[in-house]
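S.K.: Would you mind keeping the following structure in view while I ask a few things?
There are 2 protein chains.
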Amino acid sequence: MKEQRKRRVPRRIREQQIIDVAVTVFSKRGYHAASVDEIADLAGISKPMVYLYLDSKEGLFVACLRREAERLVTAFQAAARGQQGPDARLYAGLGAFFGFVSEHRDSWVVLHRQASELSETIAGEVALARRAVMEQVAGLISDGIAESGSTADLREEDADFVAHALVGAADYVTDWMERHPDQAPDTVTLRLMNMLWVGMRNVLNGEAWLPPVAPDPPQ
Amino acid sequence: MKEQRKRRVPRRIREQQIIDVAVTVFSKRGYHAASVDEIADLAGISKPMVYLYLDSKEGLFVACLRREAERLVTAFQAAARGQQGPDARLYAGLGAFFGFVSEHRDSWVVLHRQASELSETIAGEVALARRAVMEQVAGLISDGIAESGSTADLREEDADFVAHALVGAADYVTDWMERHPDQAPDTVTLRLMNMLWVGMRNVLNGEAWLPPVAPDPPQ
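What follows is the structure, given as structure tokens:
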């Protein structure tokens, strides 16, 4: 035979190539409409091979979710690490988040928008990914509380609460970003820091907001 | 015939009864697994009647979404209206939101978690509902900016940005609430106000957070 045998690509690399394509296809078509045929075709690999490596359409989706969540968490950690002070770490982390989202639009769609009405396996994976992000942020808040020598009585539970509010704010701001493509991720990060950090700084300093006193209800 | 004829229930009321049941069923089973048979059965009405009134399973889901979104927006408006000052309005609005979510758990699930991987019609409805909530909050922020006679240069676009961050924070905090059932909606509202408002107050007063100056990159 004259035909040269195709060079054997290691499984690990093949899998990453399949996942690259799958993220794009799931993001574009949605989970239900996405077809493994199209993914195999675009990845230049046979459909049985896709099943051999990633088991099923669901397995493929879970692999996409895991890899993209890991990338996001890694980007966040890498940016925050080595910064001095809780505000600089949060700023760097948020910047990495908005940078990731604007560069990897497809990943964000896979991670975020597609998951609620799918299988329990997938819902479980999404919950895990979300928890991983939340733990990163809560850890950062905890450290901030510890470092600040805050006069306010703040605990682990507070860090988790603040992490939820922060991540939720950042998440919804990505929708705003989508409708303001002229705003660079850096600008968005700084806007959000100004909204969030100024508040947290003051809360750490013991400043409190109290609700207005309600008039007595009529007897 | 001896049998007494069933009293005729006006269509408007019947529809509301069907929607009540449908919200519960969609919330419990998810959109795909929910069956119109079960909804008809629980509502004590025939299946053809459900189709006559609400057209299809999709029409039923859209009716649920619309009604629950309207309820949420109405609760928010009613609470905020008549309060003095932007902070009191936001506090009242957030309180109504967390109150609604904790009282109407099913509605929240329908409004919120089920919508991403469904039909375009449903996705469009969800986007509309979300936009309605966002506009309420952005309006409240705009008024706050106008009333404060703020020294900061803030515009409509800023109000929309802040609204996204606020609504996102409130949304994710509902997940936190679910894992802290001992925390009353009032407490949660006050915690979030303290995190958010103290920051906004200072930003309105012209206080700014600036990122740390980065060292020059090596030449």
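Protein chains in written order, with my numbering: chain E, 1128 to 1346; chain F, 1128 to 1346. C-beta atoms are modelled at their ideal positions from N, C-alpha and C, and glycine is treated no differently.
#1: Excluding the 5 residues preceding and the 5 following I1146 (chain E) in the sequence, name in chain order all residues of the same chain whose CB lies nearer than 6 Å to its CB.
#2: Check for me: the alpha helix (DSSP H) holding Q1204 (chain F) runs from which residue to which?
#3: Out of F:L1267, F:A1273, F:W1324 and F:H1307, which has the shortest C-alpha to C-alpha gap to V1200 (chain F)?
#4: With C-beta atoms as the reference, is V1150 (chain F) less than 9 Å away from E1165 (chain F)?
#5: Just by C-beta distance, which residues in the region 1288-1300 of chain F are closer than 9 Å to chain E?
#6: When we look at the beta-carbon of H1159 (chain E) and count the other beta-carbons within 10 Å, is it buried (16 or more) or exposed?
#7: What in chain E is Cβ-close to W1303 (chain F), meaning under 7 Å?
#8: Hey, could you find the ends of the alpha helix (DSSP H) V1136 (chain E) is sitting in?
#9: If you reduce the DSSP assignment to three classes, tell me which class S1382 (chain F) lands in.
#10: Below 8 Å on the Cβ atoms is my guess for D1287 (chain F) versus W1303 (chain E); work out the distance and round it to an integer in Å.
#11: Roughly how many whole angstroms lie between the Cα atoms of S1246 (chain E) and V1253 (chain E)?
#12: I want to see whether chain E comes within less than 9 Å of M1176 (chain F), judged by CB atoms only; does it?
#13: Should L1255 (chain E) be labelled buried (16 or more other beta-carbon atoms within 10 Å of its own) or exposed?
#14: Taking 9 Å as the cut-off, decide whether the C-beta atoms of F1203 (chain E) and T1301 (chain E) are in contact.
#15: Less than 9 Å separating the beta-carbons of D1298 (chain E) and Y1299 (chain F)?
#16: In this structure, does DSSP put P1308 (chain E) in helix, strand or coil?
#17: What does L1238 (chain F) touch in chain E if you count any residue whose Cβ is under 8 Å from its own?
#18: Rounded to the nearest angstrom, how far is the Cβ of M1322 (chain E) from that of V1289 (chain F), given a contact under 8 Å?
#19: Looking at chain E, is there any beta carbon in it that lies within less than 9 Å of the beta carbon of Q1318 (chain F)?
#20: Is the beta carbon of E1185 (chain E) sitting closer than 9 Å to the one on I1249 (chain E)?
#21: Report the start-end ranges of each alpha helix (DSSP H) in the region 1212-1241 of chain F that is 4 residues or longer and not cut off at the edges.
#22: In whole angstroms, what is the alpha-carbon distance linking K1174 (chain E) and G1251 (chain E)?
#23: So that I know if they touch, is there some Cβ in chain F lying closer than 9 Å to that of E1284 (chain E)?
#24: Under 9 Å between the Cβ atoms of V1264 (chain F) and S1154 (chain F)?
#25: Using the Cβ count rule (16 or more neighbours within 10 Å means buried), how would you classify A1206 (chain E)?
#26: Is any beta-carbon of chain E found at less than 9 Å from that of H1231 (chain F)?
#27: Would A1296 (chain F) pass as a contact of H1291 (chain E) if the rule is Cβ separation under 9 Å?
#28: Which of helix, strand or coil does DSSP assign to I1166 (chain F)?
#29: How many Å lie between G1157 (chain F) and E1274 (chain F) at the Cα?
#30: Which residues in the same chain as V1163 (chain E) place their Cβ atom closer than 8 Å to its Cβ, once the five residues preceding and following it in sequence are excluded?
#31: Just verifying my parser: in three-state terms, what is the DSSP assignment at H1159 (chain E)?
M.R.: Straight from the coordinates:
#1: For the purposes of this step, residue 1146 (chain E) is taken as residue 19 along the first sequence, with counting starting at 1. The answer, listed in chain order, is A1190, C1191 and R1194.
#2: As a position in the second sequence, residue 1204 (chain F) is number 77, starting the count at 1. K1184 to A1207 is the span of the alpha helix (DSSP H), which, as asked, contains Q1204 (chain F).
#3: Sequence index remark: in the second sequence, residue 1200 (chain F) carries index 73 (1-based). Per the Cα distances, F:L1267.
#4: In the second sequence, residue 1150 (chain F) corresponds to position 23, counting from 1. In the second sequence, residue 1165 (chain F) corresponds to position 38, counting from 1. Going by C-beta atoms, V1150 (chain F) is not nearer than 9 Å to E1165 (chain F).
#5: Those would be F1288, V1289, A1290, H1291, A1292, L1293, V1294, G1295, A1296, A1297, D1298, Y1299 and V1300, in chain order.
#6: Taking the first sequence and counting its residues from 1, one reaches residue 1159 (chain E) at position 32. The residue is exposed, with fewer than 16 neighbouring Cβ atoms inside 10 Å.
#7: Start at 1 with the first residue of the second sequence, and residue 1303 (chain F) comes out as number 176. In chain order: D1287, F1288 and H1291.
#8: Position 9 of the first sequence, counted from the start, is the residue given in the question as residue 1136 (chain E). Where V1136 (chain E) is concerned, there is no enclosing alpha helix (DSSP H), given that its DSSP letter is neither H nor E.
#9: No information on residue 1382 (chain F) is available, as it lies outside the stretch 1128 to 1346 that chain F covers here.
#10: Locating residue 1287 (chain F) in the second sequence gives position 160, where the first residue counts as 1. Locating residue 1303 (chain E) in the first sequence gives position 176, where the first residue counts as 1. Right, their Cβ atoms sit about 7 Å apart.
#11: In the first sequence, the residue the question calls residue 1246 (chain E) occupies position 119. In the first sequence, the residue the question calls residue 1253 (chain E) occupies position 126. About 11 Å.
#12: As a working mapping, residue 1176 (chain F) is identified with position 49 in the second sequence. Judged by the 9 Å Cβ criterion, M1176 (chain F) is not in contact with chain E.
#13: Here residue 1255 (chain E) is taken as the residue at index 128 of the first sequence, counted from 1. Exposed is the call here.
#14: Indexing the first sequence from 1 puts residue 1203 (chain E) at position 76. Indexing the first sequence from 1 puts residue 1301 (chain E) at position 174. Contact flag unset, no.
#15: Position 171 of the first sequence, counted from the start, is the residue given in the question as residue 1298 (chain E). Position 172 of the second sequence, counted from the start, is the residue given in the question as residue 1299 (chain F). Contact: yes.
#16: Within the first sequence, the letter at position 181 stands for residue 1308 (chain E). P1308 (chain E) falls in the coil class under three-state DSSP.
#17: Start at 1 with the first residue of the second sequence, and residue 1238 (chain F) comes out as number 111. Neighbours of L1238 (chain F) on chain E: none; closest Cβ ~12 Å, over 8 Å.
#18: The residue you call residue 1322 (chain E) lines up with position 195 of the first sequence. The residue you call residue 1289 (chain F) lines up with position 162 of the second sequence. Correct: roughly 6 Å between the Cβ atoms.
#19: As a first step, residue 1318 (chain F) is located in the second sequence; it is residue number 191 there, counting from the start. At residue 1318 (chain F) the sequence reads Arg, which differs from the Gln that was named. Answer yes: the Cβ-Cβ gap between R1318 (chain F) and chain E drops below 9 Å somewhere.
#20: As a working mapping, residue 1185 (chain E) is identified with position 58 in the first sequence. As a working mapping, residue 1249 (chain E) is identified with position 122 in the first sequence. Yes, the pair counts as a contact, with Cβ atoms nearer than the cut-off.
#21: 1213-1230 and 1232-1239
#22: Along the first sequence, one-based indexing puts residue 1174 (chain E) at 47. Along the first sequence, one-based indexing puts residue 1251 (chain E) at 124. Going from the Cα of K1174 (chain E) to the Cα of G1251 (chain E) covers about 26 Å.
#23: The residue you call residue 1284 (chain E) lines up with position 157 of the first sequence. For E1284 (chain E), the answer is yes, since a Cβ of chain F falls inside 9 Å of its Cβ.
#24: As a working mapping, residue 1264 (chain F) is identified with position 137 in the second sequence. As a working mapping, residue 1154 (chain F) is identified with position 27 in the second sequence. The beta carbons of V1264 (chain F) and S1154 (chain F) sit no closer together than 9 Å.
#25: As a first step, residue 1206 (chain E) is located in the first sequence; it is residue number 79 there, counting from the start. Buried is the call here.
#26: Counting from 1 along the second sequence, the entry for residue 1231 (chain F) is found at position 104. No, H1231 (chain F) lies away from the interface with chain E (no Cβ there is under 9 Å from its Cβ).
#27: As a position in the second sequence, residue 1296 (chain F) is number 169, starting the count at 1. As a position in the first sequence, residue 1291 (chain E) is number 164, starting the count at 1. Cβ atoms of A1296 (chain F) and H1291 (chain E): closer than 9 Å.
#28: If you number the second sequence from 1, residue 1166 (chain F) lands on position 39. The answer is helix: DSSP assigns I1166 (chain F) an H, G or I state.
#29: Reading the second sequence from its first residue, position 30 is the one you call residue 1157 (chain F). Reading the second sequence from its first residue, position 147 is the one you call residue 1274 (chain F). Distance between the alpha carbons of G1157 (chain F) and E1274 (chain F): 44 Å.
#30: Along the first sequence, one-based indexing puts residue 1163 (chain E) at 36. Around V1163 (chain E): K1174, V1177, Y1178, K1184 and L1187.
#31: Translated into the one-based positions of the first sequence, residue 1159 (chain E) becomes position 32. Three-state DSSP puts H1159 (chain E) in coil, outside helix and strand.
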